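In what follows, a structure is listed as structure tokens, so that the remarks can point back to it.
Residue numbers (my numbering): 77 to 473.
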């Protein structure tokens, strides 16, 4: 491959300048042996070649110079013009060839073609003092090279959404050397998904882990469209301190005929139970601790349990970014980041054999919901305190 393509498992250095925040993290986590779905990065070198070779660079800078940051309509208008310009330009033929070859190489790893996610990865995102989460685009359940190529260009254009432009202006982040990579990654057929933080986002307590989980693809958790299961765990003992069972009224699931994700109602019996077994919950917490130890700072991770993979191999790490609100403050509680971390392993038939995770404080005196018996169940949220709601407000999703 050329400088335009880096496979996550290709042994490449996780360079922020070449890969952007998200792809650099995916490469780093893959190299560390964490369970990341396979894929590749369309690097910032490809984006730079596209905008420079097409003359877009000068046009973008001229448009940005016209912006009045206090005029929302002005920002929206210029954002739309820049994005239209990027999406309407043709990608050079040699770049098409490299991208097409990388896509075919990824597809060759599977018995049949699989859908992919196409995800933006800007060089300014996921920095220690800033979080761009949700400000650039992600596209799910894409099939075929034409769709992938089109949505790579849409991700490039999303570097100039109104939100991203305004955020950079507010933070004083210069446009010079700003660039965008794009992740093309096997889509996870999530029966359960969600987020986890290796501290309590309500107060910064680093001795806790908070997990939000819901059925189906995790986008509904991240965006706050469902009330997920919300579980607070002791970071060292991995025991439940407090949990709320969320309503989890809807889930995003794949519809293979049109090749897209569809929203469907969750049956009442699945709403009333936790969408993670005890063993799965423990495995999510272990993986979150492992990510924290790898990066040396509290993490905000996205994860999923793949319905197509066997127990013990089905928990996947989709993203890990530094928590940016509380992590800049001195540690006031003992961190478990350096404690021994057991291997991530989900035993077969985990829902039947795993011992219960006992509450460790009186705050968990509420009755714990029975574990699901439906093998297709997944994670969701809960009423009351909700980490995803706090996460959405903190990172601007």
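Idealized CB from N, CA, C, for every residue including glycine.
Since this is a predicted model, take the numbers as computed values, not measurements.
Asked	Found
Closest to residue 121 by C-alpha separation, out of 81, 107, 87, 137, would be which residue?	81
How should residue 313 be labelled, buried or exposed, when 16 other C-beta atoms within 10 angstroms of its C-beta is the threshold for buried?	exposed
State the Cα-Cα distance for the pair residue 242 and residue 112, rounded to the nearest angstrom.	32 Å
Determine, using beta carbons only, whether residue 220 comes closer than 8 Å to chain C.	Within the model displayed, chain C is absent; a lone protein chain is all it includes.
Beta-carbon separation of residue 383 and residue 394 under 8 Å?	no
With residue 319 as the anchor, note down where its beta strand (DSSP E) starts and where it stops.	316-320
Under three-state DSSP, which class holds residue 48?	Since the first and last residues shown for the chain are 77 and 473, residue 48 lies out of range.
Which same chain residues end up closer than 8 Å to residue 125 when comparing Cβ atoms and leaving out the 5 residues on each side of it in sequence?	80, 168, 171
Any contact between the region 228-239 and the region 253-260? By contact I mean 3 or more CB pairs, one from each, below 8 Å.	yes
Would the region 157-168 count as touching the region 128-142 if we require 3 or more Cβ pairs under 8 Å?	yes
Using the Cβ count rule (16 or more neighbours within 10 Å means buried), how would you classify residue 189?	exposed
Tell me, please, which residues DSSP counts as bridged to residue 215.	194
How is residue 123 classed by DSSP in three states: helix, strand or coil?	helix
Check the C-beta distance from residue 283 over to residue 310 and give it rounded, since I have them as a contact under 8 Å.	7 Å
Which runs of the alpha helix (DSSP H) fall wholly inside the region 281-357 and span at least 4 residues, in chain order?	295-298, 344-347
Quick check: what's the CA-CA separation for residue 269 versus residue 176?	30 Å
When you compare only the Cα positions, how much space is there between residue 361 and residue 98?	21 Å
Tell me the DSSP bridge mates of residue 259?	117, 195
Roughly how many angstroms lie between the CA atoms of residue 86 and residue 348, to the nearest whole one?	43 Å
To which residues of the same chain is residue 155 closer than 8 Å at the C-beta, ignoring the five residues directly before and after it?	236, 237, 238, 241
Measure the Cβ-Cβ separation of residue 182 and residue 260 and say whether it is below 8 Å.	yes
Hey, residue 285 and residue 303: beta-carbon distance below 8 Å or not?	no
Please report the residue range of the beta strand (DSSP E) in which residue 82 lies.	81-83
Could you tell me the distance, in whole angstroms, from the CA atom of residue 306 to the CA atom of residue 351?	10 Å
Return helix, strand or coil for residue 268, following the three-state DSSP convention.	strand
Locate the alpha helix (DSSP H) running through residue 229, then write down its first and last residues.	221-233
Would you please state the rounded distance, in angstroms, between the beta carbons of residue 101 and residue 397? I believe it to be under 8 Å.	7 Å
Whole-angstrom Cβ separation of residue 108 and residue 370, contact assumed at under 8 Å?	5 Å
Quickly, what does DSSP pair residue 273 with across the bridge? List them, please.	286, 376
Among 372, 402, 343, 388, which has the Cα closest to the Cα of residue 105?	372
According to the neighbour-count rule (16 or more other Cβ atoms, all chains shown, within 10 Å of its Cβ), is residue 386 buried or exposed?	exposed
Tell me the residue span of the beta strand (DSSP E) that contains residue 393.	391-398
Using alpha carbons as the reference points, say which of 215, 325, 200 lies closest to residue 247.	200
Got a sec, what are the start and stop residues for the alpha helix (DSSP H) residue 157 sits in?	148-164
When the Cα atoms are used, what is the spatial distance from residue 300 to residue 215?	18 Å
Who are the near neighbours of residue 93 in its chain, counting only those whose CB is closer than 7 Å to its CB and skipping five residues on each side?	120, 199
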